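Each residue of the sequence shown is one higher than the one before, counting from 1 in the numbering used here.
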Amino acid sequence: MSMLEMEQLQTVRKFFRWYYFNYSEKIKAPESIESREFGYKDFNGSMIRHLSFKSEGEYKAFLVKNVPKSVYYSVAFYSDPTAPMESKGLIKADVAFDIDIKDVSKKIKDNSFWICKNCHTYGTLPAPKSCPSCGSEDLEEVEWVCDECLSDVKDAAITLSDILTEDFGLSRKEISIYFSGNNGYHFYIFNEEMRKLGQQERMEIVEYITMNGFNQSVFYKNVPESGSLINRRKVTIDPNVTVDIRRIFRAPDSLHDESGLAKKEVTSLDLFDPFKEAVVLPEEPIELLVHYMPAIKFRDQTFGPYKKEKVKVPAYIAVYAVLKGIAEFIDNQ
Ligand SMILES: [Zn+2]
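Quick look at the structure:
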């Protein structure tokens, strides 16, 4: 990481600290916090794992004091969460699903672009091997969302929710849905029977949902007969998130390290607007040098497009743009 990037990230960290300090009351800790493994990424880029907290208070104090760039906890419940992986003592694990915009929207590719980290030249994907202006190979691909691709990913989440309730017979109360904090949705199933499932059974669930290599031996009660499978709904999910019981998964209400948006619980998928409800950083105007930013709507207001210009925008836009690698804070704020 360059000096400049380090300085930029220190400013981002200040806003993250503001959030963890001011929103501490609202941050939800996991069920059985003492049996979860926690991990976090700090602002220097290190990943720390195998932590545990005895109480919600201890966890929140940690967030305010350490200000992680991102924080995660295990879907698994362990008898000894700080022990090395092989001796943690697995008790059970939440079943989780991850829907990523890349897998469910074709549109996202059209909006996305590459930008040169050296001279800030940019262009449409696919990115060249090196920058045509300065020759640098340090090019970054920026995933950029619009209303259409956000609605694609939301539709995928609605389909998954329907499959879980209708085909798997889960009640809506057993399903928690979160906006991931960047461009996807996370699901957790809180059902004691399902928490006991092993990797193989979780793989079968993935196969059913994605209709990839699905075999009829699956044991779920409401699975349709083979004839009706042809036109059945399916949705692409990340198989690793569901199958890997020992994974740590982004913590609800924490800030996403690529956007500064919160991983936010969704009560109604139909009504949910991530660029309104997951926006939690301050409104305070910040001076920003934007290299390139296509238009984007936050809290019903459109910002951009900006090209090589100095602008004054709310802190949540500034943090978003800096984390996407397309802008710089002008002063040390
Ligand atoms: Zn360049």
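Ideal placement from N, C-alpha and C gives every residue a C-beta, glycine not left out.
None of these values were measured; they are calculated from a predicted model.
Contact defined as beta carbons within less than 8 Å: I believe residue i pairs with residue j. What is the distance between those atoms, to the nearest angstrom?
i, j, result
"V235", "I177", "13 Å between Cβ atoms; not a contact."
Secondary structure at residue i, three-state DSSP: helix, strand or coil?
i, result
"D147", "helix"
"S47", "Reading off the sequence shown, one finds Met at residue 47, where the question assumed Ser. In the structure shown, M47 sits in a strand (DSSP, three-state: E or B)."
"V75", "coil"
"L63", "helix"
"A29", "coil"
"S2", "coil"
"L271", "coil"
"L160", "helix"
"R17", "helix"
"Y320", "helix"
"K276", "helix"
Roughly how many angstroms lie between the CA atoms of residue i and residue j, to the nearest whole one?
i, j, result
"F53", "Q10", "26 Å"
"I48", "F38", "9 Å"
"F113", "V266", "29 Å"
"E141", "E258", "12 Å"
"S130", "D138", "7 Å"
"E7", "H120", "18 Å"
"A29", "K69", "17 Å"
"K221", "D167", "Summary for K221: the model assigns pLDDT 49, below 50, so the residue's position carries little reliability; its value from the coordinates is reported in the next sentence. Between K221 and D167, the C-alpha separation is close to 8 Å."
"H186", "P126", "28 Å"
"F219", "Q200", "No answer about F219 holds up, because its pLDDT of 46 lies below 50 and its placement is not dependable."
"E207", "P239", "9 Å"
"M335", "G123", "Outside the modelled stretch of the chain, which goes from 1 to 333, sits residue 335, for which no answer is possible."
"A156", "S180", "14 Å"
"I205", "G198", "11 Å"
"V322", "R202", "38 Å"
Taking the beta strand (DSSP E) that residue i falls in, what are its first and last residues?
i, result
"T210", "Taken as a continuous stretch (DSSP letters only), T210 belongs to no beta strand (DSSP E), being part of the alpha helix (DSSP H) at 199–210."
"I91", "90–93"
Residue i: beta carbon under 7 Å from a heavy atom of ligand 1?
i, result
"T121", "yes"
"S339", "The structure shown does not extend to residue 339, since the chain is modelled only from 1 to 333, so the question has no answer here."
"N118", "yes"
"S136", "yes"
"C146", "no"
"C149", "no"
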